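Visitor:
Chains as they are written, first to last, in my numbering: chain A, 1 to 162; chain B, 1001 to 1108.
#1: Which partner residues does residue 106 (chain A) have in the DSSP bridge list?
#2: Report the residues of the segment 1046–1071 of chain B with a CB closer than 9 Å to any CB of chain A, ordered along the chain.
#3: Which two residues bound the contiguous alpha helix (DSSP H) that contains residue 13 (chain A)?
#4: Leaving aside the five residues before and after residue 103 (chain A) along the sequence, list all residues of the same chain whose C-beta is less than 6 Å from its C-beta, in chain order.
#5: To the nearest angstrom, how far is the alpha carbon of residue 113 (chain A) from that of residue 62 (chain A)?
#6: Considering only DSSP beta bridges, list what residue 1051 (chain B) is partnered with.
#7: Per the contact definition of three or more C-beta pairs closer than 8 Å, is the segment 26–38 of chain A in contact with the segment 1071–1081 of chain B?
#8: Just by C-beta distance, which residues in the segment 28–60 of chain A are closer than 9 Å to chain B?
#9: Helix or strand or just coil, what does DSSP make of residue 979 (chain B)?
#10: At which residues does the alpha helix (DSSP H) containing residue 31 (chain A) begin and terminate?
#11: Taking all protein chains shown into account, decide if residue 1101 (chain B) is buried (16 or more other Cβ within 10 angstroms of its Cβ) or exposed.
#12: Assign residue 1096 (chain B) to one of three DSSP states: helix, strand, or coil.
#13: With distances taken from CA atoms, which of A:33, A:35, A:133, A:85 is nearest residue 122 (chain A)?
#14: Taking C-alpha atoms, which residue in B:1075, B:1023, B:1019 lies nearest to residue 1054 (chain B)?
#15: By DSSP, does residue 1039 (chain B) sit in helix, in strand, or in coil?
#16: What's the C-alpha gap between residue 1104 (chain B) and residue 13 (chain A)?
#17: Could you give the residue range of the beta strand (DSSP E) that holds residue 55 (chain A)?
#18: Would you tell me roughly how many angstroms separate the C-alpha atoms of residue 1052 (chain B) and residue 1058 (chain B), rounded to the nearest one?
#19: Residue 88 (chain A) versus chain B: which residues are under 9 Å apart at the beta carbon?
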């Protein structure tokens, strides 16, 4: 699981995850193989079943999902592309879960080597104030739900354990 | 995007539907078997099952002439994901993928 980070900022969600992988691998899996790990079953916006998530590898490149019917739905775009250490993406998905090119919340992902085979990946999703009145609601979705979550998670686990 | 999550959360907010889900934990059952011993009519159970089905919390399939209801793990998963939080879920999946990739590289 990800680790909690210090300090509360209502306009920002921060996550840190330690990955037992060299930095170059972590970068590659994140940027080139996103479709292999992104939870496309539910974190997608198109009508079609999403089969891939793609980041075009350059500043200004599109970040989008591809559906099984060949359609694409944009999520955002590349604001900074510094392999293998830093990636900044815009996340332009509104509170109604539709693409809005003017939204411009930002996601910065930093890949920090902790030895040859370990990488600390820091993610910062910021400018959540762009959601206006729906900021807190959206922040809750992006962040965790604490004890509440644990309780229902236990329920879900038992229920799924048929 | 959140339609199913929201529907699932709404669906399990009802005590009768939670009992129905619990009764399906041990495996598939017909409406009659679910309603057995409950102070709720069969048509009411059918209505609850319809709501659970639209939230992807139960599936239904035919076994001969019986319609058998079972837990749909997709809905359960969506509730978990909603509660776990968007980025926790995505990053946990990313970590697993990067570590799989590393293990694969070592084997080659």
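Quick reminder that beta carbons are idealized off the backbone N, C-alpha and C, glycines included.
Only a predicted model underlies this, so the values are computations on that prediction, with no experimental measurement involved.
Guide: By the coordinates alone:
#1: Reading the first chain from its first residue, position 106 is the one you call residue 106 (chain A). Per DSSP, A:90, A:126.
#2: 1057, 1070, 1071
#3: Locating residue 13 (chain A) in the first chain gives position 13, counting from the first residue. It is not in any alpha helix (DSSP H) - residue 13 (chain A) instead sits in the beta strand (DSSP E) that spans 13–19.
#4: Translated into the one-based positions of the first chain, residue 103 (chain A) becomes position 103. The answer, listed in chain order, is 92, 94, 130.
#5: Indexing the first chain from 1 puts residue 113 (chain A) at position 113. Indexing the first chain from 1 puts residue 62 (chain A) at position 62. In a straight line, the C-alpha of residue 113 (chain A) is about 27 Å away from that of residue 62 (chain A).
#6: On the second chain, residue 1051 (chain B) is found 51 positions in, with the first residue counted as 1. Residue 1051 (chain B) is not bridged to any residue.
#7: no
#8: 28, 29, 30, 33, 34, 36, 37, 38, 39, 41, 42, 43, 44, 45
#9: Chain B is shown only over 1001 to 1108; residue 979 (chain B) falls outside these bounds and no answer can be derived.
#10: Residue 31 (chain A) sits at position 31 when you count from the first residue of the first chain. It spans 23–32 - the alpha helix (DSSP H) in which residue 31 (chain A) sits, taken as one unbroken run.
#11: Sequence index remark: in the second chain, residue 1101 (chain B) carries index 101 (1-based). Residue 1101 (chain B) comes out buried.
#12: Your numbering for residue 1096 (chain B) matches position 96 in the second chain. Of the three classes helix, strand and coil, the one that applies to residue 1096 (chain B) here is helix, per DSSP.
#13: As a first step, residue 122 (chain A) must be located in the first chain, where it is residue number 122. The shortest C-alpha separation from residue 122 (chain A) is found at A:85.
#14: Against the second chain, residue 1054 (chain B) aligns to sequence position 54. Checked all of B:1075, B:1023, B:1019; the closest Cα to residue 1054 (chain B) is B:1075.
#15: Sequence index remark: in the second chain, residue 1039 (chain B) carries index 39 (1-based). Correct three-state label for residue 1039 (chain B): coil.
#16: For this step, residue 1104 (chain B) is matched to residue 104 along the second chain. For this step, residue 13 (chain A) is matched to residue 13 along the first chain. So the two alpha carbons sit approximately 32 Å from each other.
#17: Within the first chain, residue 55 (chain A) is the residue found at index 55, counting from 1. Here the beta strand (DSSP E) through residue 55 (chain A) covers 50–55.
#18: For the purposes of this step, residue 1052 (chain B) is taken as residue 52 along the second chain, with counting starting at 1. For the purposes of this step, residue 1058 (chain B) is taken as residue 58 along the second chain, with counting starting at 1. Spanning the two alpha carbons is a distance of roughly 6 Å.
#19: Indexing the first chain from 1 puts residue 88 (chain A) at position 88. Those do not exist, as residue 88 (chain A) stays about 15 Å from chain B at its closest Cβ, beyond 9 Å.
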